[in-house]
Structures are given as C-alpha cells and as structure tokens.
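> This is the structure I have questions about; it appears just below.
Number of protein chains: 2
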Amino acid sequence: MLDRRSHVPLHVQLADLLRKRISSGDLAPGDRLPSESDLSQTYDVSRPTIRKTLAALRFEGLIESELGTGHFVRDRGEPKMVRLRRGDEASVSLAGGMPQVVVSRKDGTTETFPADQVVIRPA
Amino acid sequence: MLDRRSHVPLHVQLADLLRKRISSGDLAPGDRLPSESDLSQTYDVSRPTIRKTLAALRFEGLIESELGTGHFVRDRGEPKMVRLRRGDEASVSLAGGMPQVVVSRKDGTTETFPADQVVIRPA
DNA sequence: CACGATTTGTCCGTATGTATC
DNA sequence: GGATACATACGGACAAATCGT
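Protein sequence lines correspond, in order, to chains G and W.
If you're matching positions, the first sequence starts at 61 in the working numbering and goes up one per residue.
If you're matching positions, the second sequence starts at 61 in the working numbering and goes up one per residue.
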C-alpha cells in the first residue's frame, strides 16, 4: 500500500492511490469515501495526513466534503463552455477556496466559473 | 489584527491580511517574510496555522518557500498573453502540483502555462 | 423533541528530518 | 559544529453539523 521508506510524502502517495481508485471507477461519482477515521486505520496514517490528502483531492475537484456527513466523489457534469468575444479576457484566480476562471467582458462586467468545469473557446 | 470570535477560520483571516500586505507593497517582491516562529508570535497563533496560511499563498503563486531559508514574496512578471484562434480551446488542470492552463490547438498540439500568470484572449 | 453517536472542521502542541548559513 | 528554518508526521482537544434512536 504505502511505502514509508520512500521519500515521497505519505499524503502524496495516498492521494495518488485514491485518484486511481476514483478514475478506475472503484469509487464512483456520488459514492461516499470511508470516514477519515476509517482511512486513518486502513492506511495506518494519522488523521492530519488523511486530511491533507483529502484537501488535495477537494482542490482538484475530485471530491466534495460535507460537515457532519462525509466526503463524496463528485459528479462532474458536462464542462461548461465559455466563449470569449473580442475585447474579453479570461484569467484564473487561485485565491479563496476553489480555483475559478474569471472572465472580464468588454463592457466591464465579470463572471466567474469553477475552474475545473470550464472550457474556454473563442468567438 | 485577528478576530478570534469571528467564525472565519484564523488561517483564512491571516491569509487575507498577508495578501493585503503584499498587494499594498508593504511586502515587496523579493522580500523575505518573517519566519514561521515570528509570525506565530506576532499574530499569536500556532505554527501549524501559520503553515496553513503560507501554503495557501504559495498555491496562489504569491510566495515561494525555500527549505532552510524562508518564505519570499514572488516577483510576478507580466502576465503571459495566450491568444485563442478559432478551433482552439483552453481548460484548467488542477491535478499535480501547480494549477495549469492547458491550451489545445486546432492542429492537435497542446501547450501548458502556469495558471496564475496567464491571461487568455481571443483572436 | 431530545439525546447521543458519527463525521468533518479547526486549532493546538510536539517530534523528527533536512537544508542553509 | 551549532543555530536557524522549513517539511513531514504524529497526537489530542473541542466545535459544528448531521443522522438515527
């Protein structure tokens, strides 16, 4: 499972492992992950290490976390199409919780979208 | 400084505070931030809380951390301009270390850029 | 409705390793 | 060698939200 002698941090190893379980379908969208205590026991690492792992997956948009309930594999719908007209521009904001794409329109208005669900196209 | 009675987590309050010190120029590019122990004392929070704050700023590209040396305000050059022609599309990848903008060209080639230094424009 | 169990969120303290000066 | 400083990992404590009894 995890290699303690490796110089790769445990939370990174564990994140890779869980990413594979998700992409393979072993953990499907909507599924609840084992609780942090369970994960802590089965992988024999501390809860802070578990939480660091889950924080990374949450940042990547792979899971959602609900207080008092659990961590769930996210259902990623169709990527939202964002079209840029002449004079518009888009950038990525990493501030705040989740990364977001900020679109500044020619008329001065701005829109924001979750960065992991956006495809940007011209026209 | 920090409001302990607020329901906003301390590391979030502190991150906001440091972001302002950076954007205001109080902390200029190249400057070394106070050590984690110093910050821990001056803001009267634990070192893990300090580290959570600095990790956020590092992820946003605001600071760099060097082992054994300190945390430094990053010198952010001009944002790189990425132009999208018809048939091109751009998306954001959060997997791996730093978020990146992936541009898929009409001809099948792809380019990647650090997400925090990119402005996307049509044409 | 009340209570307790479960689960995540936040915060603290500590220890060890390693790189830099 | 010694002091300083960041990286990783462990543990415990309490709060807040949810759910079943």
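For glycine and all other residues, C-beta sits at the position ideal for the given N, C-alpha and C.
Shorter than 8 Å from the beta carbon of Ser151(G) to some beta carbon of chain W?
One-based indexing of the first sequence puts residue 151(G) at position 91. Yes, contact with chain W.
> How many Å lie between Asp104(G) and Leu70(G) at the Cα?
Locating residue 104(G) in the first sequence gives position 44, counting from the first residue. Locating residue 70(G) in the first sequence gives position 10, counting from the first residue. Spanning the alpha carbons of Asp104(G) and Leu70(G) requires a straight line of approximately 10 Å.
> Could you name the residues that DSSP lists as bridge partners for Phe132(W)?
Counting from 1 along the second sequence, the entry for residue 132(W) is found at position 72. Arg92(W), Glu124(W).
> What does Leu154(W) touch in chain G if you count any residue whose Cβ is under 8 Å from its own?
For this step, residue 154(W) is matched to residue 94 along the second sequence. Within chain G, the residues near Leu154(W) are Phe119, Glu120, Gly121, Pro159, Ala175, Asp176.
> Applying the criterion that 16 or more other CB atoms from any shown protein chain within 10 Å of the CB defines a buried residue, is Ser66(W) buried or exposed?
Here residue 66(W) refers to the residue found at position 6 of the second sequence. Looking at its Cβ environment, which holds fewer than 16 other Cβ atoms inside 10 Å, Ser66(W) is exposed.
> Is Arg181(W) close to chain G, meaning its C-beta is less than 8 Å from at least one C-beta of that chain?
Sequence index remark: in the second sequence, residue 181(W) carries index 121 (1-based). It does: the Cβ of Arg181(W) has a partner Cβ on chain G nearer than 8 Å.
> How about Arg111(G): is its C-beta nearer than 8 Å to some C-beta of chain W?
For this step, residue 111(G) is matched to residue 51 along the first sequence. It does not: the Cβ of Arg111(G) has no partner Cβ on chain W nearer than 8 Å.
> Starting from the beta carbon of Asp86(W), find every residue of chain G whose beta carbon is closer than 8 Å, and list them in chain order.
The residue labelled residue 86(W) in the question sits at position 26 within the second sequence. Residues of chain G passing the Cβ test: none, with the nearest at roughly 18 Å.
> Taking only beta-carbon positions, decide if Leu144(G) is within less than 8 Å of chain W.
One-based indexing of the first sequence puts residue 144(G) at position 84. Yes, because at least one Cβ of chain W sits closer than 8 Å to the Cβ of Leu144(G).
> Using a Cβ distance threshold of 8 Å, determine whether the stretch 171 to 181 of chain W contacts the stretch 133 to 140 of chain W, with at least three qualifying pairs required.
yes
> Using a beta-carbon distance below 8 Å, is Asp33(G) in contact with chain W?
No statement about residue 33(G) is possible, as the shown extent of chain G runs from 61 to 183 and does not include it.
> Using a 10 Å radius around the Cβ and a threshold of 16 neighbouring Cβ atoms, would you call Leu127(G) buried or exposed?
Taking the first sequence and counting its residues from 1, the one referred to as residue 127(G) is at position 67. Exposed is the call here.
> Please state whether DSSP places Ser83(W) in a helix, a strand or coil.
In the second sequence, residue 83(W) corresponds to position 23, counting from 1. Ser83(W) carries a helical assignment under DSSP once its states are collapsed to helix, strand and coil.
> Got a sec? Which residues, its chain only, sit under 6 Å from Thr38(G) by beta carbon, not counting five neighbours each side?
The question about residue 38(G) has no answer, for chain G in this structure spans 61 to 183.
> Please report the distance separating the alpha-carbon of Ala155(W) from that of Pro94(W).
Here residue 155(W) refers to the residue found at position 95 of the second sequence. Here residue 94(W) refers to the residue found at position 34 of the second sequence. Cα to Cα, Ala155(W) sits roughly 30 Å from Pro94(W).
> Where do the N-terminal and C-terminal ends of the alpha helix (DSSP H) with Lys166(G) fall, by residue?
Sequence index remark: in the first sequence, residue 166(G) carries index 106 (1-based). Looking at the DSSP string, Lys166(G) is not in any alpha helix (DSSP H), and its letter there is neither H nor E.
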